[in-house]
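A.B. asks: Below you will find the structure I want to go over with you.
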Amino acid sequence: MSMKVLILIAIFLAGAVQAVPLKPQEALDLVKLVDERQRNSGDYTSLCYVKETERKLEPKVFQAVVYRRDTDDKFMILFTKPKEEAGKGYLKIDKNLWMYDPSTGKWERRTERERIGGTNSRRGDFDESRLADEYDVTYEGEGTLGNFKTHKMKLVAKPKSDVAYPVISLWVDQLDKNVLKREESSLSGKLMRTTFYPKWTKKFSPSKKANVWIPEEMRIFDEIEKGNSTVILIKETDLSSLDTNIFSKAWIESKSK
Amino acid sequence: MDNIQLSNVVKEYHLGKVTVPALKNVSLSIDRGEFTVIAGPSGSGKTTLLNLIGCVDVASSGDVVVGGSNTAQLTERELTDLRLHKIGFIFQSFNLIPVLNVYDNVEFPLLLMKDLSKEERRSRVMHFIEKVGLQDHMKHRPNELSGGQRQRVAIARALVTKPRIVLADEPTANLDSVTGQSIIDLMKEINRSEQTTFLFSTHDDNVIRQANRIIKLRDGVIVAES
Amino acid sequence: MLLWKLAFRNLFVHRLKTLVTGLIIVFGTTLAIVGNSVVDAISGGMQKSLTNSLTGDIQVYAADAKEKIAVLGGSDGNLPDIGYLPDFKKVKTALLEIPNIKAVIPMGISFAMLNPGNLLDLKLEELRASYKKTPRDDARLAALKEHVRMIVRDIERSQTENQDNLGGVFGGEKLFKDAGENIAKALDQSFWNDFDRHSDARLEFLANKMAPLIFDDNQLYLSYFGTVPELFEEAFPQFEVVKGTMIPEGGRGFLFSDFVYENQVKHRVARRLDQIKKQIDKEKLTLKSSKDLQDKVKANIAQAAEVYSQIEPPAAATLLPRLQQLLGSKSSKFPELVSEFLAMDDTNFPTRYTFFYDQIAPQLILYKVKVGDTFAITGFTKSGYSSSVNMKVYGTYRFRSFESSPLAGALNVMDMVSFRKLFGILTAERRSETESLDAEMGLGDVGRDDIEAMFGAATESTSETRVTSNLQSLTQGRFGQVDSERRDLDTKYSRSDMEDGVFMNASVVLKDPSRLDATLEEIRAKNDEKKLGLQAADWRDSAGIVGQLTVMVRGVLYLFVFVIFSVATFIIMNSMLMATLERRREIGTMRAIGAQRSFLLGLFLRETFVLSFVFGLVGTLIGVGIVLAVGARGIPAMGDVATFFFSGDRLYLQVNIMHIAIVSLCMTIVALVSTQYPAWRAMKISPLEAMQSSE
């Protein structure tokens, strides 16, 4: 995987100056690249803030720590602030998404459509990017976003994929290959949310021996209930290894007393 | 006063574009107490003449004076009133009201008149029922009577208002000769006793022979009198 | 007199025609009277049901509500978005100044979801909890493990049985591709031999690879209203607690509607058995004659697994011989015996029903959530955001006299404090935490329209992110509060705590309901005066589509009666017309003899009048008779919905003089109208007609 991708990266970077419309295979490859850049071969820990603003109600802010082990398909969120939410957690094992609430002491099954912490964010926003695996890619041409030239692509979920949004339009920066904007729709094509990625960070991963790109800021706008928006801030990231058995119900439970 | 007077009466019927003259220039006068027959074949205008005299129809032109009044100058209401008080009708097919019995049928015109007391009505109705000899059938309905009995009821009804004129259109046409004769006898008797003018149409020779005066009508014109 | 005599005679002579027309009039009149009486009663019943249980006499809610209030759901069946008002106390104090208002009770309606998890999930949780307990209860552990094993065997069975179905839909998914292999692994002896040593891993395996294979949608959607429970109990005298106890004063808690408890929360097989029993006892149906009951039995048999799989193996072992004896069967397969047991007919039903509750039910999860349990409920705001709260179920309730109705009976009761939590209203403490977190984030708010402006400069910052906190240390130790909710459940809130604050809508109960319109105006005046920001609607408007139902029913009734009366008019007119034509000679004769036109008109009018009057009277008497006879005994409510509309088991009818008067008036109009044209035609008949010779 890495060799081919490295070559692709080289080619793209080389031809980065000239903005050229892509061929289908190139579009797919671009999406694969998007995935690849965000993937880490080792563990991943990040400190996130999520701010949820619902029209006519007061905003809610959470602080949480996100854990990932991409090689094993493991994923976990642990809420740390505010007091009311502290100790709550999400744990994903295979396709099972579990949620823990220390105040009730119970684990409950959730789905991909789960609103994380009751916000408009989904598991997929925090977890590794697997667009190329889960979607079929169609190139839709060039576009612009602010001062940036973009490639626009349409992604339709493959029949067996279980995803929050079956139809996605993606705007990728032609120069830096970062995703800048995503429009997420239901199967019928109804636009549900629009997500913007105004800031990206990269961090060197010792296990991957390459950089990992992290969306520092995500701004999600609800297209159904206009006026509702969510901001995800990934404040800092740690790519060092974690305990082997950290991804378990027991571990999350141990965070509460 | 002359009871009935016709002057240059013309009656035409319009059937679509065709005009059919029923009476062409008829003039006659009939006095009180006459027992007159209007004879002629069917289609000669007998019925029409009676209708005009009976204020049931209006002439196309000419004057029809009945009981001193020119019918052309009377309103519908006045004509109806005239019919009620001064004229009595005897129809060819009796024309009794089927839902009423003999007594009620005879009483009917009196109830329309409204100005008689109950006792007066009763006495009059009884008088005429007895006159026509139907006192035993007072409660019977027309469909329970024979043709002759029905006609007698009709006569009683026609007479009960004590009209000046009685018009009868082919009164014996639906009766056998014996019954018919008795009807004529009855009418003659009343004519004598009450001085009621009788004017009836017929084409029955037997009946014609018994009239005092015969007016022959043919094709809407009087052809003879005797 | 003559005219009357003629009129009567004419009608009598044409008896058949008179009778036919008369019957139509009788039918129409009877229908009008009985129908109106029924609709009145239903309308009254519904009013009573609504005002005594949900809407009160008047509803008040936010004046800037996006949609109109509909307590029982709007025309699309959903709950409308009526926003909320910030201060209940203020509104209540202001409204209580109006003399006719007896009580103001907050009653926001919302819906929530709870997911108790499937059987395997539950058992695995129990097993996990058992492992954590000290000292260990080995017997219990063994029993639970055995039960889990049994459930896995059942999964294996249903996988092979439904191979084709599953293959189609989920064949591609990894879970199902590997299912066979995983099941084999889970049933293998080696899996169980060292279960205790690797309990966490084993449990995780079972929870993540086995449990999802069970297709059991156990989710419950609950509609509830948030109120101050004791205020509610006081204001609505029909309210009574059925099981358990009332929510303690000042406490947080939940009451199931008994209807919901017995129909949605209860084990499906048990529920069906209850329904069968009810229909046999109450409505005298038999299993043999009723397809509906037979279908229920069939459904039970089809879901026999829900019975035998819930029973732990030791208990099953005890039940086995008892079932064998009851059924007279030699089979030693527990599942088979259960299936056979559930195949009930009229002869064995009573014994088996008793056996079920005596022997089987105690071993089942009879209710997904039991009275006395605490469960986590997830509420939704209109835009779909969710929040969770713990609720303790204190008991079940119902409204006397229409307890079996799904309409009013489907709402569960929740205290105001929990309601607000679910609604997403922040406490002061939370608010200040939010503010400091916001500061930590250090980001500004950017609106939808301005976002693209952010894409001016480069999006990539290649610097290392700032380290403001030691990430690893942040998650060391324990910071969650276990069972905090549970403890909070024991907190007592003062009446002021309950009342102060946000509420969605409130029911206003009047001392004198007949002065409703006047009071509505007074509320509006008070609202303007004190700037309460609310709008008011009477019980019918606020009930939603159900409230309009009686209006519609009455409309339909009127339409029906109108049609019948029109038909009657038409038929009378027709028959009069025909009579006119038939009696040409007679009429002509009368005219010839000297009857004025007005005489004829009078005759026709009298004929029609007699017809309408006599038969109208008969119809009215029959109608009144039916109302009195049926009305006193009452119409029994067929089914649950009818109970709501009848506000009880029976519908009692009453005679209303107004209706009789109106119906009579209508009959008179029918008489007059239907006479006009025929009379006009009759009057035109000239005396000449008399001169026609008979045919």
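So the protein lines, in turn, are chains U, G and D.
Just so it is clear: in the first sequence, position 135 is 135 by our numbering, and no numbers are missing.
Quick note: to get our numbering, add 1000 to the position in the second sequence (first position is 1).
Quick note: to get our numbering, add 2000 to the position in the third sequence (first position is 1).
No residue lacks a Cβ here, since even glycine has one placed at the ideal position from N, Cα and C.
Mind pulling the chain D residues with CB within less than 7 angstroms of P1142 of chain G?
C.D. replies: Here the premise fails: no neighbours, minimum Cβ distance about 11 angstroms.
A.B. asks: Within 8 angstroms of any Cβ in chain G, is that where the Cβ of L2518 of chain D sits?
C.D. replies: In the sequence as presented, Leu is not what sits at residue 2518 of chain D; that position holds Ala. Chain G contact via Cβ: absent.
A.B. asks: For chain D, find out if any of its Cβ atoms is closer than 8 angstroms to the Cβ of I1190 of chain G; answer yes or no.
C.D. replies: Cβ-Cβ to chain D under 8 angstroms: no for I1190 of chain G.
A.B. asks: What runs of the alpha helix (DSSP H), each 4 residues or longer, lie entirely inside the stretch 1158-1206 of chain G?
C.D. replies: Within the stretch 1158-1206 of chain G, the complete alpha helix (DSSP H) runs of at least 4 residues are 1177-1194.
A.B. asks: Could you check which residue in U:D173, U:S169, U:R193, U:I214 has the C-alpha nearest to that of F126 of chain U?
C.D. replies: Among U:D173, U:S169, U:R193, U:I214, the Cα nearest to that of F126 of chain U belongs to U:I214.
A.B. asks: Does A1168 of chain G pass the burial test, meaning 16 or more other C-beta atoms within 10 Å, or should it be called exposed?
C.D. replies: Its Cβ being crowded by 16 or more others within 10 Å, A1168 of chain G is buried.
A.B. asks: Where does Y2703 of chain D sit, in a helix, a strand or coil, going by DSSP?
C.D. replies: What is shown of chain D runs 2001 to 2695, which leaves residue 2703 of chain D out entirely.
A.B. asks: On the CB-based measure, 16 or more other CB atoms within 10 Å of its CB, does W2680 of chain D come out buried or exposed?
C.D. replies: The residue in question, W2680 of chain D, is exposed, as its Cβ has fewer than 16 Cβ neighbours within 10 Å.
A.B. asks: Mind pulling the chain D residues with CB within less than 7 angstroms of D1057 of chain G?
C.D. replies: Those within 7 angstroms of D1057 of chain G in chain D are L2688.
A.B. asks: M2344 of chain D CB to nearest chain U CB: under 8 angstroms?
C.D. replies: No, no contact with chain U.
A.B. asks: Report the partner residues of P1021 of chain G according to the DSSP bridge assignment.
C.D. replies: DSSP output for P1021 of chain G lists G:E1012 as bridge partner(s).
A.B. asks: Run through the stretch 2525-2593 of chain D for me and flag every whole beta strand (DSSP E) of 3 or more residues, listed as ranges in chain order.
C.D. replies: Runs found: 2534-2538.
A.B. asks: Can you name the residues of chain G whose CB is closer than 9 angstroms to the CB of L2013 of chain D?
C.D. replies: This sequence places Val at residue 2013 of chain D; Leu is not what is there. Residues of chain G passing the Cβ test: P1098, V1099.
A.B. asks: Between F2232 of chain D and A2506 of chain D, which are expected to be in contact by the criterion C-beta below 8 angstroms, what is the C-beta distance as a whole number of angstroms?
C.D. replies: That belief does not hold up - the Cβ atoms of F2232 of chain D and A2506 of chain D are roughly 11 angstroms apart, past 8 angstroms.
A.B. asks: Between V2413 of chain D and F2254 of chain D, which are expected to be in contact by the criterion C-beta below 8 angstroms, what is the C-beta distance as a whole number of angstroms?
C.D. replies: 7 angstroms between Cβ atoms; contact.
A.B. asks: Quick check: K2421 of chain D and K2102 of chain D, are their CB atoms within less than 8 angstroms of each other?
C.D. replies: Against a cut-off of 8 angstroms, the Cβ pair of K2102 of chain D and K2421 of chain D comes out as no contact.
A.B. asks: Can you confirm whether F126 of chain U, when its beta carbon is compared against all beta carbons of chain D, has any partner nearer than 8 angstroms?
C.D. replies: Output row for F126 of chain U: interface = no.
A.B. asks: Using a cut-off of 7 angstroms between C-beta atoms, extract the partners of R2430 of chain D located in chain U.
C.D. replies: Here the neighbours are P82, E84.
A.B. asks: For chain D, find out if any of its Cβ atoms is closer than 8 angstroms to the Cβ of I116 of chain U; answer yes or no.
C.D. replies: With 8 angstroms as the cut-off, I116 of chain U does not count as an interface residue toward chain D.
A.B. asks: Let me check understanding here. Comparing Cα to Cα, which of U:L191, U:E216, U:R219 lies closest to E225 of chain U?
C.D. replies: Nearest C-alpha to E225 of chain U: U:L191.
A.B. asks: Going along chain G, which residues have a C-beta under 8 angstroms from R2009 of chain D?
C.D. replies: Near R2009 of chain D (Cβ distances below 8 angstroms), the residues of chain G are V1099, L1100.
A.B. asks: Using only alpha-carbon positions, find the residue among D:M2667, D:K2684, D:L2611 that is nearest to R2015 of chain D.
C.D. replies: Residue D:L2611 is the option with its Cα nearest to R2015 of chain D.
A.B. asks: I'd like to check one pair, A2410 of chain D with S2257 of chain D: are the Cβ atoms closer than 8 angstroms?
C.D. replies: In contact: S2257 of chain D and A2410 of chain D (Cβ atoms closer than 8 angstroms).
A.B. asks: Does the beta-carbon of L2144 of chain D have 16 or more other beta-carbons within 10 angstroms, so that it is buried, or is it exposed?
C.D. replies: The residue is buried, with at least 16 neighbouring Cβ atoms inside 10 Å.
A.B. asks: So who's on the other strand from V50 of chain U, going by DSSP bridges?
C.D. replies: U:F62, U:I232, per the DSSP bridge assignment.
A.B. asks: Between the Cα of Q2363 of chain D and the Cα atoms of D:R2650, D:P2678, D:A2315, which residue gives the shortest distance?
C.D. replies: Per the Cα distances, D:A2315.
A.B. asks: For S2496 of chain D and F2236 of chain D, which I take to be in contact (beta-carbon distance under 8 angstroms), what is that distance rounded to the nearest angstrom?
C.D. replies: That belief does not hold up - the Cβ atoms of S2496 of chain D and F2236 of chain D are roughly 22 angstroms apart, past 8 angstroms.
A.B. asks: Based on Cα-Cα distance, which residue from D:A2642, D:Q2596, D:G2372, D:L2628 lies nearest to K2684 of chain D?
C.D. replies: Closest by alpha carbon: D:Q2596.
A.B. asks: In chain D, what lies closer than 7 angstroms to D101 of chain U by C-beta?
C.D. replies: Here the neighbours are A2376, S2388.
A.B. asks: Any contact of the stretch 1157-1173 of chain G with the stretch 1118-1133 of chain G, i.e. 3+ C-beta pairs under 8 angstroms?
C.D. replies: Judged by Cβ distances under 8 angstroms, the stretch 1157-1173 of chain G makes contact with the stretch 1118-1133 of chain G, as three or more pairs qualify.
A.B. asks: Could you check the C-alpha separation between T2245 of chain D and D2292 of chain D for me, to the nearest Å?
C.D. replies: Answer to the nearest angstrom: the Cα atoms are 35 angstroms apart.
A.B. asks: If you reduce the DSSP assignment to three classes, tell me which class K95 of chain U lands in.
C.D. replies: In the structure shown, K95 of chain U sits in coil (DSSP, three-state: anything other than H, G, I, E or B).
A.B. asks: Of the residues D:P2313, D:Y2353, D:S2332, D:G2250, which one's Cα is nearest the Cα of A1982 of chain D?
C.D. replies: With chain D covering 2001 to 2695 only, the question about residue 1982 of chain D has no answer from this structure.
A.B. asks: So, is F148 of chain U buried or exposed, given that buried needs 16 or more other C-beta atoms within 10 angstroms?
C.D. replies: The residue is buried, with at least 16 neighbouring Cβ atoms inside 10 Å.
A.B. asks: From V1099 of chain G to M1187 of chain G, what does the alpha carbon distance come to, in whole angstroms?
C.D. replies: Rounded to the nearest angstrom, the two C-alpha atoms are 26 angstroms apart.
A.B. asks: Measuring straight from C-alpha to C-alpha, what distance separates L2532 of chain D and R55 of chain U?
C.D. replies: Those two C-alpha atoms are separated by around 22 angstroms.
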